[in-house]
Amino acid sequence: MSQNRKILKVVSLIQALVGLAALIAGIFAIVNAQDSAGTFEAFGTTIDASLGCMVLGALSVITGACTFGSCALGIQGANRPSSLGAHAPLSVAALVLGILATIFGTSVNLVLAVISGVAAVLALFAVMYDGRVRKELDR
Numbered sequence: 002m003s004q005n006r007k008i009l010k011v012v013s014l015i016q017a018l019v020g021l022a023a024l025i026a027g028i029f030a031i032v033n034a035q036d037s038a039g040t041f042e043a044f045g046t047t048i049d050a051s052l053g054c055m056v057l058g059a060l061s062v063i064t065g066a067c068t069f070g071s072c073a074l075g076i077q078g079a080n081r082p083s084s085l086g087a088h089a090p091l092s093v094a095a096l097v098l099g100i101l102a103t104i105f106g107t108s109v110n111l112v113l114a115v116i117s118g119v120a121a122v123l124a125l126f127a128v129m130y131d132g133r134v135r136k137e138l139d140r
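For reference, each letter of the sequence shown is one residue, going 2 to 140 in this note's numbering.
Next up, the structure:
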């Protein structure tokens, strides 16, 4: 197993933990959204805190699902590079959603923002090493 495949596997294993944390934290945010009181300002618009918490929770759940899917495909692709399949597009989706959740989450819930930010960084590494493993396959 090459160095790039080993790193892809390690990144994917860490993604499993972060994806699970994002899913759980997002579900808790959605369930406890009605307890949030007040308003906050995001992108120049005043938003009710309970609505913002619910939207951030949904973003976090979707980010966690994409991260977890990227994890499964990355582990499988690290073992057999010909089966990487949709790993790169799913990782890019997790990256974009993680960035959106991080930007939006800084005004709503800092814990979800940090988890989403870590998921976005791991998705970036997954995309990078996906490309390197695919290049090794072409040799």
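Built from N, CA and C at the ideal position, the CB exists for glycine as well.
Considering only residues of the same chain and omitting the five flanking positions on each side of residue i, which have a CB-CB separation below 7 Å?
i: I63; result: L98
i: G106; result: L57, L113, A114, S117
i: N110; result: A30, C54, L57
i: V93; result: V128
i: R133; result: N5
i: V19; result: T68, I116, V119, A120, L123
i: I100; result: A121
Can you list, in chain order, the residues of its chain whose CB lies under 8 Å from that of residue i, leaving out five sequence neighbours each side?
i: L91; result: C67, G70, S71, L74
i: L96; result: A121, A124, L125, V128
i: I15; result: L123
i: L21; result: G65, F69
i: E137; result: S3, N5, R6, P82
Our contact map puts residue i next to residue j with C-beta atoms below 8 Å; I'd like the distance itself, whole angstroms only.
i: E59; j: A120; result: Here residue 59 turns out to be Ala, not Glu, going by the sequence shown. Their Cβ separation, rounded to whole angstroms, is 15 Å, which puts A59 and A120 out of contact at 8 Å.
i: M55; j: A34; result: 4 Å
i: G65; j: A50; result: Incorrect: roughly 22 Å between the Cβ atoms, too far for contact.
i: H88; j: D131; result: 5 Å
i: S61; j: A17; result: At roughly 16 Å, the Cβ-Cβ gap does not stay under 8 Å, so S61 and A17 are not in contact.
i: I76; j: S3; result: Not confirmed; about 15 Å, so no contact.
Below 6 Å CB to CB, which residues in the same chain sit around residue i once its five sequence neighbours on both sides are set aside?
i: A79; result: R6, L9, K10
i: L52; result: none
i: I104; result: none
DSSP state of residue i, grouped into three classes?
i: R140; result: coil
At least 3 beta-carbon pairs within less than 8 Å: the region 76-85 vs the region 24-38: no
Within the region 70-129, note down every full alpha helix (DSSP H) run reaching 4 residues or more, in order along the chain. 88-109
Could you name each continuous beta strand (DSSP E) segment of 3 residues or more that falls completely within the region 10-72, going from the start of the chain to the end? 40-43, 46-49
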